[in-house]
Structure formats: structure tokens, C-alpha cells
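First up is the structure itself, then whatever we jot down about it.
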Amino acid sequence: MLKKLIHEMHRRSLWQVLLIYLGASWLVLQAVDTLAGALSLPDWAPPLALFLLIVGVPIVVATAFVQEGMGGEGPKAAGVDASVAAAIEATTELSETQQPTAPSAAVPEQGARYKIFTWRKALLGGVAALALVGALSVGYMATRTLGVGPAATLVARGVLEDRATIILAEFDSRTGDSLLARAATEAFRIDLSQSDAVRIAEPAFVANAMRRMERGTGAELDYATARELAQREGVAAIVDGDINSAGGTYVLAVRLTSPETGEELAAFRETAKDSTEIVPAIDKLSKRLRERIGDSYRSLRADEPLEQVTTANLEALRKYSQALDAIEAQDQLRGIALLEEAIALDPEFAMAWRKLGVELNNRGDSRQRSVEALSMAFEYRDRLTERERYLTMATYYNQVAGDQDRALQAYQNMLDLDPDDTWALNNLALIYQSRREFDRAEELYTRAIDVDSTSPLYYRNAVFALTGQGKFAEAEAMVETQRRRFPGTPFNEGSAALVAAAQLDYASAESELLAMLEAPRLDPSSLSFARGSLASLLVAQGRLAEAAEHRREAAEANEARGIPGSLLQSALGGAFTNLLIHGDTAAAVAGLETVLEANPISEISPLDRPYFFLALFYAAAGDAERAKRIWAEYDEAVAPGLRGNDQTARHSIGGAIAYSEGRYEEAIREFRRADEEDCVTCVLYPLARSYEASAEADSALSTYAQLLSRPDPFRLFTDQGTVALTYERLGEIHYERGDWDRAAEYYAKFVQIWREADPELQPRVAAAQGRLEEIFSARG
Numbered sequence: 001m002l003k004k005l006i007h008e009m010h011r012r013s014l015w016q017v018l019l020i021y022l023g024a025s026w027l028v029l030q031a032v033d034t035l036a037g038a039l040s041l042p043d044w045a046p047p048l049a050l051f052l053l054i055v056g057v058p059i060v061v062a063t064a065f066v067q068e069g070m071g072g073e074g075p076k077a078a079g080v081d082a083s084v085a086a087a088i089e090a091t092t093e094l095s096e097t098q099q100p101t102a103p104s105a106a107v108p109e110q111g112a113r114y115k116i117f118t119w120r121k122a123l124l125g126g127v128a129a130l131a132l133v134g135a136l137s138v139g140y141m142a143t144r145t146l147g148v149g150p151a152a153t154l155v156a157r158g159v160l161e162d163r164a165t166i167i168l169a170e171f172d173s174r175t176g177d178s179l180l181a182r183a184a185t186e187a188f189r190i191d192l193s194q195s196d197a198v199r200i201a202e203p204a205f206v207a208n209a210m211r212r213m214e215r216g217t218g219a220e221l222d223y224a225t226a227r228e229l230a231q232r233e234g235v236a237a238i239v240d241g242d243i244n245s246a247g248g249t250y251v252l253a254v255r256l257t258s259p260e261t262g263e264e265l266a267a268f269r270e271t272a273k274d275s276t277e278i279v280p281a282i283d284k285l286s287k288r289l290r291e292r293i294g295d296s297y298r299s300l301r302a303d304e305p306l307e308q309v310t311t312a313n314l315e316a317l318r319k320y321s322q323a324l325d326a327i328e329a330q331d332q333l334r335g336i337a338l339l340e341e342a343i344a345l346d347p348e349f350a351m352a353w354r355k356l357g358v359e360l361n362n363r364g365d366s367r368q369r370s371v372e373a374l375s376m377a378f379e380y381r382d383r384l385t386e387r388e389r390y391l392t393m394a395t396y397y398n399q400v401a402g403d404q405d406r407a408l409q410a411y412q413n414m415l416d417l418d419p420d421d422t423w424a425l426n427n428l429a430l431i432y433q434s435r436r437e438f439d440r441a442e443e444l445y446t447r448a449i450d451v452d453s454t455s456p457l458y459y460r461n462a463v464f465a466l467t468g469q470g471k472f473a474e475a476e477a478m479v480e481t482q483r484r485r486f487p488g489t490p491f492n493e494g495s496a497a498l499v500a501a502a503q504l505d506y507a508s509a510e511s512e513l514l515a516m517l518e519a520p521r522l523d524p525s526s527l528s529f530a531r532g533s534l535a536s537l538l539v540a541q542g543r544l545a546e547a548a549e550h551r552r553e554a555a556e557a558n559e560a561r562g563i564p565g566s567l568l569q570s571a572l573g574g575a576f577t578n579l580l581i582h583g584d585t586a587a588a589v590a591g592l593e594t595v596l597e598a599n600p601i602s603e604i605s606p607l608d609r610p611y612f613f614l615a616l617f618y619a620a621a622g623d624a625e626r627a628k629r630i631w632a633e634y635d636e637a638v639a640p641g642l643r644g645n646d647q648t649a650r651h652s653i654g655g656a657i658a659y660s661e662g663r664y665e666e667a668i669r670e671f672r673r674a675d676e677e678d679c680v681t682c683v684l685y686p687l688a689r690s691y692e693a694s695a696e697a698d699s700a701l702s703t704y705a706q707l708l709s710r711p712d713p714f715r716l717f718t719d720q721g722t723v724a725l726t727y728e729r730l731g732e733i734h735y736e737r738g739d740w741d742r743a744a745e746y747y748a749k750f751v752q753i754w755r756e757a758d759p760e761l762q763p764r765v766a767a768a769q770g771r772l773e774e775i776f777s778a779r780g
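Mind the numbering: the sequence shown is residues 1 to 780 in my numbering, read in order.
See the structure below:
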């Protein structure tokens with residue numbers, strides 16, 4: 001093969017050989033680049049190969065010139081006779097051991113060039129050059145991986161453990177612009193979060209640690225504070241930096257230090273000619289630091305430039321960083337406003353869109369605004385880091401499109417990147433929890449706690465998962481752990497109330513919620529939660545007047561937070577109570593109509609209109625036609641891709657309409673389909689009533705029993721009196737059947753729950769008490 005190649009080269013002109021060389025060089029560079037990506041070779045491997053190929057150009061030209069001559073006539077053009085040319089030709093085709101020795105007098109002086117510039121030597125030189133690139137790359141990677149020599153990474157040397165947590169301190173601005181330093185810090189955090197060698201501490205981790213250090217909300221995390229925090233929490237290293245400016249030029253420096261000794265483990269510096277180059281300079285700094293720590297070259301090359309996955313607009317980045325500070329300080333309204341300002345500066349700022357959508361959703365704000373923000377983040381998802389992109393996709397699929405399977409896959413992709421990603425673990429658990437797969441949710445929450453035991457969120461959510469499995473003792477133990485680790489957190493009482501309500505211990509649940517309301521500086525979201533939950537709990541006990549007061553205060557708090565339709569939602573709660581407990585359809589409808597006239601749903605954006613509860617109310621009130629019209633309006637006003645997972649609501653509405661029209665078998669089918677996931681006991685009461693109406697007494701009794709026995713972590717919010725009504729109805733059924741023992745058991749529980757019910761409900765309590773006395777009298 002080599003002989004044929006050399007022979008062909010002898011037949012080609014100078015320009016043909018040069019074109020062949022350039023084509024072959026391009027193929028070689030492509031192969032080196034592919035191998036560099038596949039084998040995670042250093043960045044300098046392809047440039048070195050290019051340099052050697054460039055060096056080879058004059059050698060190839062000289063060889064072609066000598067071998068072919070200027071005019072392409074071979075050795076004759078150079079003044080060499082045919083016998084010498086033949087001898088040289090033979091020399092190029094024979095190995096050194098086979099070459100005949102020609103008399104020196106037979107070869108003129110210019111023939112020496114034909115011995116030096118031969119195609120064999122040129123080709124062997126090229127192979128040797130490529131071998132040199134390979135040897136240098138392999139040697140470099142070996143020393144880097146083994147932790148020896150100047151190429152050794154900090155992870156390979158054992159200075160840092162693989163996937164160790166590090167803290168990013170606030171950059172120090174020596175420019176007089178503190179917001180510039182804050183923006184630079186956030187940009188560096190975003191880029192460093194892509195590391196596959198270390199894990200950057202989440203803001204929640206830092207905030208909780210600062211709280212334990214008794215630092216005020218919004219306290220700056222400078223180097224000294226970060227070092228103290230790292231020592232207390234056992235964090236491996238600290239990253240800090242500074243920005244200097246002179247004559248419009250910016251100098252950015254970053255350091256990685258040991259919190260125990262203060263030793264500088266790595267330090268780098270970059271220059272930006274003006275403010276537009278600050279983000280690219282941060283990108284370079286981060287990648288140099290990640291390379292020294294131990295990130296693979298494959299991951300470093302795969303990362304998009306920082307300005308593409310965040311924003312090239314420095315002012316937008318400033319607004320974004322300010323927004324994060326405001327949200328961390330519990331000033332959500334200011335944080336949302338700043339995010340909207342950042343988006344106005346850069347409409348394609350996907351990270352700001354995602355944060356806006358999540359924040360609006362978390363605070364129970366306008367679903368219309370949340371869906372719009374999450375949809376924009378999804379549209380610009382290519383402008384996100386890989387982790388943020390999967391997180392955005394998962395949030396969009398789950399909350400907007402209602403496609404939980406695709407959301408699960410996106411969260412799993414996050415865990416493939418990092419098995420200890422607490423956001424993915426928590427959000428994946430929430431989906432399994434909504435599917436009533438509480439055991440899988442518990443497993444994921446436990447993993448999140450093992451990774452980050454400083455966040456109360458994972459403990460609080462684990463309480464839901466344990467309660468949903470009926471593990472009440474373990475749930476109570478988790479609440480106590482939560483109280484001990486995070487004293488003063490308002491949702492400690494909320495978690496305790498949740499577990500108590502699930503066990504039908506309404507007195508304890510009420511006590512916890514009242515204690516929550518007494519907490520100092522209760523934020524609006526917690527206030528709304530406490531008032532709304534207390535209203536539901538009081539309805540369960542028949543204390544409807546008190547419930548109405550708390551419901552009103554919760555609505556006012558939500559109105560103050562700018563949540564649309566709050567007063568209408570409150571009115572719907574009161575109307576349902578009137579309908580379900582009092583059975584006064586006319587009064588319930590009249591009360592709701594009055595509120596609807598003052599707060600028409602046409603003035604509320606489509607995604608924020610309470611279509612589901614309105615349709616359900618009118619169906620329960622016997623007005624099936626109006627319920628159908630409302631639900632048809634929902635289908636017309638809200639696009640299918642923006643409805644989220646509305647299947648439970650759709651089947652609940654179908655069941656309620658069928659029941660109101662006397663189609664009880666269809667109502668049973670619809671309610672049973674609605675009972676497949678989401679709320680654990682929400683549809684059991686109307687399902688049991690449907691069985692009764694269909695004369696399926698045994699099924700009705702079984703369903704009532706399930707309503708009482710199913711562990712329901714959401715009972716605190718959804719009871720609305722159905723437990724008391726179930727006890728009352730079971731007492732009546734068993735009394736009519738002559739099963740007085742069981743009738744007495746249920747009547748007694750009904751009396752216990754409604755012992756402090758409103759005066760207008762006391763006749764029903766007295767009737768149940770009378771039945772009890774009758775039974776006891778008959779029993780002697």
C-alpha cells in the first residue's frame with residue numbers, strides 16, 4: 001500500500017500533491033477532533049495536530065518539487081540524468097537493508113536532495129507527528145488522572161472528593177458597582193453549576209446555614225462569612241472572586257481556597273476590555289477553574305457559552321440577581337417585578353422566564369401568568385444549561401401540558417447527570433405523590449434529605465409521603481425532627497396539623513394552626529395557608545361561622561398578594577358549605593350569584609377562572625345545564641395544551657352532572673375514574689351517595705368506610721365536613737338495619753366531632769344523641 005501511494009505521488013504534479021495533502025489533513029483533523037471528544041482529550045490536542053500539519057506543508061511542497069521538478073518532468077528538469085533518477089527511484093522503493101550501494105561518483109551533488117526529500121520519509125514523518133500528538137495527549141491525561149505533575153486535578157490529587165459541595169461567596173466589587181459584583185457572582189454560579197466534578201451549594205442550603213448562624217435575612221455572604229459557614233457545615237472548599245476596573249477595562253479574578261487552612265488551591269485571572277465582555281470573561285474563568293478541579297474535557301467542550309445559556313445583556317443579569325436576592329428575603333412581589341424587568345431587557349432570557357413561572361406558581365399567583373412564563377421558558381430552553389433545560393421541560397410538561405410521563409423522563413435525565421440532584425429528587429417525588437405512589441415518594445424524599453439535611457422542604461414533603469402510607473408514628477417523628485432542626489419555621493405547625501387531621505384529631509390540628517398564626521412576621525403565603533386550612537378544619541367540626549371568618553381573612557390576604565379571583569373562590573367555599581351541610585340549595589345559589597355579579601368571571605383571565613368549582617357547584621345544586629355550559633366555556637377558552645392534568649376534574653364534573661340528572665350508573669363510573677389518582681378521598685362521598693341512589697347498599701357502605709379509613713395527607717384541606725356527614729349517615733343506615741352496636745359507634749363519633757357545631761346544627765347533634773340514648777336504654 002505504501003509503495004503504491006509513493007508511486008502515485010511520483011506521478012502527480014506539485015499542485016495535485018498539495019491538494020491531496022490538504023484533503024488528507026482535513027480528514028486527519030476531523031478524526032483528531034472526534035477522538036478528542038470521544039476520549040476526553042485535552043483542548044490543545046487538535047491545535048497541536050493542526051500545527052504539525054501546517055509544518056508539514058513546506059515539507060510536502062519541497063518533496064514534490066524535488067521529486068517532480070518545477071515543470072512536472074521529474075529528475076530531468078533538475079539536471080539529473082536518467083540513470084541517477086532510476087537509482088533514486090529504486091532507493092525510494094526499497095527498504096534500507098535492500099538498498100544497493102551506488103558509487104558516490106555516480107550521483108551528482110544535487111542528488112542528495114532526493115535522498116532527504118523522499119515520499120517515504122515524508123509519510124513516515126507524518127505518522128510520527130500524529131503519534132507524537134497521541135503520546136503527548138495520553139501522557140498528559142494519565143498524569144492528570146493519576147494526580148501527578150502539573151496537569152493533576154484537585155480531585156485526582158485527593159484535595160477534593162468527587163462531587164464535593166463547594167460554596168460560592170459573593171464577588172468583591174472594587175468598581176463601586178455592587179450590583180455588578182452580584183451579577184458576576186450569579187453568572188459564575190450558573191456556569192459552575194454545570195460541573196461534573198463538584199456540586200455548588202444551593203441558595204437554600206446557604207440560607208438555612210446562615211439562619212443557624214443567626215445572620216439576618218439578606219446578609220452578604222462575603223469570604224469571611226463563607227469560610228465560617230463552610231467550617232460549620234463541613235463544606236470542602238470556597239470560591240470567591242473580585243472585579244477591578246481601570247480606564248474602562250475590567251480585571252476579574254477567582255480563587256478556590258480551603259476553609260480550614262485558608263490555603264489557595266487554585267487562582268485565575270481574566271481581562272474584559274469593556275462591560276460587554278464581562279460575561280464571556282466569567283465563562284473563561286469558570287472553565288479554567290473547573291478544569292483544574294477535575295471536570296472532564298468532554299463536559300467542558302459540551303457546555304454552551306455562558307452568554308448563550310444566560311443572557312448577553314449585563315443589565316438583565318443584574319436585574320435577575322437582584323430578583324433572586326429579593327425572593328430569598330421573602331419579598332416575592334419585588335422579586336417578580338425585577339424578573340419582569342430583566343425579561344423586558346432580554347425577552348429571550350429563558351432562566352428569568354423559568355424563575356418567574358415557578359415563583360408565580362409557588363405563591364399560588366395567577367395561573368395565567370405562570371403558564372405564560374413557563375411556556376416562554378420552554379420555547380427558549382436551548383438558551384439554558386443542560387440541567388436547567390431538563391428542569392424547565394419537566395416543569396412545563398407537568399404544570400402546563402399535564403404530561404406527567406414526559407415530566408418524569410426529564411427529571412430522570414437530571415438524575416442521570418447527577419444522582420444527588422435534590423431538585424430532581426424532590427420534584428420527582430411530588431409527581432409520584434400525586435399518583436398516590438407514596439412509598440416511591442418517601443424513598444426519593446429520604447434520598448434528598450441524605451444529600452441535603454439543611455432544607456426543611458424535604459422533611460415537610462416527607463411528612464406527606466409517610467402520612468399517605470398510614471405511617472403516622474413515623475410522620476410524627478419526622479415532624480419532631482423538623483421542629484428540632486428548624487425551630488421557628490412556620491410550617492412546622494402546618495406539618496403537625498396535617499398529620500393530626502389525617503388521623504381525624506381535629507382538636508390537635510386546630511391547636512397547631514392557631515400556633516402557626518401566632519408566629520411573628522408570618523409571611524403572606526403562610527398566613528393564607530393557615531387561614532384557609534383552619535377554615536376547612538372548622539367546617540369539618542360544624543363551626544361554620546368561624547370558618548367563614550377565616551375564609552374571608554384568607555381571601556383578603558390573597559387579594560393583597562394580587563391573586564386573581566380570591567373573593568370568588570372564598571364565596572364558592574361558602575356556597576359549597578351551605579349546599580353540603582345545610583342542604584339549602586336556594587340560599588347557596590343566591591349567595592354565589594351575588595358574588596358573581598360583583599366579580600364576573602369575564603374580568604378574570606381564562607386560566608384563572610374557577611371553571612371546575614363553578615361547574616361542580618351548579619351540578620351539585622341540580623342545575624346540570626348550567627354546569628355543562630360552564631364546562632363547555634372552559635373547553636373553548638383554554639387550549640388543550642395549557643390545561644395541565646385536568647382528567648380528575650373532568651371526571652368529577654361528569655359524575656356530578658350525571659348524578660344531578662339521575663344517571664347514577666354513569667355517575668358511579670365517572671367518580672370511580674376520578675378516584676384513580678390525585679386527591680385520596682375527595683370523590684368518595686359523592687361516589688357513596690351515587691351507590692346509595694343506585695340501590696347498591698353494600699358498595700355504598702364500603703365506600704363510606706374507605707372515606708374514613710384511607711390515610712389521606714390532604715384531609716386537612718379537603719374534609720369540608722364529609723367525615724362528620726359520613727358518621728351521621730352510617731349511624732342512620734345501621735340504625736335502620738337494626739345493627740345498633742355499629743349505629744351507636746358512628747353516632748357517638750358524629751356527636752364528638754360536632755359537639756361545638758353552630759347552633760343551627762345542634763338539632764342534628766341532639767337527634768344523634770337521642771338515638772344513642774335510645775340504644776343505650778334498649779341495651780339496658
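By construction, the Cβ of each residue, glycine as well, lies at the ideal position given by its N, Cα and C atoms.
Margin query: My output table needs one value for residue 348: the three-state DSSP class, helix, strand or coil.
Written below: coil
Next item on the list: Answer with buried or exposed for residue 247, where buried requires no fewer than 16 other C-beta atoms within 10 angstroms of its C-beta.
Entry: exposed
Check: Is residue 601 helix, strand or coil when you go by DSSP?
Finding: helix
Check: Would residue 323 pass as a contact of residue 344 if the rule is Cβ separation under 8 Å?
Finding: no
Checklist line | Burial state of residue 362, where buried means 16 or more other Cβ atoms lie within 10 Å | finding: It counts as exposed.
Notebook entry, point to check: Going by DSSP, what residues sit across from residue 173 in a beta bridge?
Noted result: 243
Note to self: For residue 30, count the other beta carbons within 10 Å of its own beta carbon; 16 or more makes it buried, fewer makes it exposed. Which is it?
What the structure shows: Residue 30 comes out exposed.
Check: For the candidate residues 674, 640 and 646, whose alpha-carbon lies nearest to that of residue 655?
Finding: 674
Notebook entry, point to check: Looking at C-alpha atoms only, which residue of 359, 308, 25 and 325 is the closest neighbour of residue 350?
Noted result: 308
Check: For residue 395, which of 28, 488 and 426 has the nearest alpha-carbon?
Finding: When only C-alpha atoms are compared, the closest one is 426.
Margin query: Could you tell me the alpha carbon to alpha carbon distance between residue 624 and residue 770, rounded to whole angstroms?
Written below: Roughly 37 Å between the two C-alpha positions.
Note to self: For residue 576, tell me which candidate among 173, 274, 402 and 719 has the shortest Cα-Cα distance.
What the structure shows: 719
Margin query: Please state the DSSP three-state secondary structure of residue 270.
Written below: strand
Next item on the list: Assign residue 274 to buried or exposed, taking buried as 16 or more other Cβ atoms, counted over all protein chains shown, within 10 Å of its Cβ.
Entry: With fewer than 16 other CB atoms across the displayed protein chains lying within 10 angstroms of its CB, residue 274 is exposed.
Check: When the Cβ atoms of the segment 633–644 are set against those of the segment 391–406, are three or more pairs found closer than 8 Å?
Finding: yes
Notebook entry, point to check: Is it true that the CB of residue 467 sits closer than 8 Å to the CB of residue 448?
Noted result: no
Margin query: Would the segment 262–269 count as touching the segment 280–289 if we require 3 or more Cβ pairs under 8 Å?
Written below: yes
Check: Quick one, are the C-beta atoms of residue 183 and residue 318 less than 8 Å apart?
Finding: With a cutoff of 8 Å on beta-carbon distance, residue 183 and residue 318 are scored as near each other.
Item checked: Anticipated Cβ contact below 8 Å, residue 165 with residue 209, distance rounded -> That belief does not hold up - the Cβ atoms of residue 165 and residue 209 are roughly 11 Å apart, past 8 Å.
Next item on the list: Classify residue 703 as helix, strand or coil using the three-state DSSP reduction.
Entry: helix
Next item on the list: Using the Cα positions of residue 431 and residue 461, report the straight-line distance between them to the nearest angstrom.
Entry: 12 Å
Note to self: So, for residue 258: in the same chain, excluding its five sequence neighbours on each side, which residues have a beta-carbon less than 7 Å away from its beta-carbon?
What the structure shows: Excluding sequence positions up to five before and after residue 258, its CB lies within less than 7 Å of the CB of 237 and 265, all in the same chain and listed in chain order.
Next item on the list: Grab me the residues of residue 316's own chain with a C-beta within less than 6 Å of its C-beta, minus the 5 sequence neighbours each way, in chain order.
Entry: 342, 345, 346 and 349, listed in sequence order.
Note to self: Determine whether the beta carbon atoms of residue 456 and residue 491 lie at a separation below 8 Å.
What the structure shows: yes
Note to self: Rounded to whole angstroms, what is the Cα-Cα separation between residue 764 and residue 504?
What the structure shows: 20 Å
Next item on the list: Indicate the three-state DSSP secondary structure (helix, strand or coil) for residue 236 in the structure shown.
Entry: coil
Note to self: Our contact map puts residue 716 next to residue 501 with C-beta atoms below 8 Å; I'd like the distance itself, whole angstroms only.
What the structure shows: 4 Å
Margin query: Rounded to whole angstroms, what is the Cα-Cα separation between residue 357 and residue 366?
Written below: Computed Cα separation, rounded: 10 Å.
Next item on the list: Under the assumption that residue 187 contacts residue 310 (Cβ atoms under 8 Å), give the Cβ distance between them as a whole number of angstroms.
Entry: 6 Å
Note to self: Is the beta carbon of residue 435 closer than 8 Å to that of residue 677?
What the structure shows: yes
Item checked: Cβ-Cβ distance between residue 244 and residue 174 below 8 Å -> yes
Checklist line | CA nearest to the CA of residue 747, picked from 375, 775 and 540 | finding: 775
Checklist line | Where residue 383 falls: helix, strand or coil (DSSP) | finding: Here residue 383 sits in helix by DSSP.
Notebook entry, point to check: So, residue 551 versus residue 573, is the Cβ gap smaller than 8 Å?
Noted result: Yes.
Notebook entry, point to check: With 16 other CB atoms within 10 Å as the buried threshold, where does residue 249 fall?
Noted result: exposed
Margin query: For a test of the three-state rule: what should DSSP assign to residue 253, helix, strand or coil?
Written below: strand
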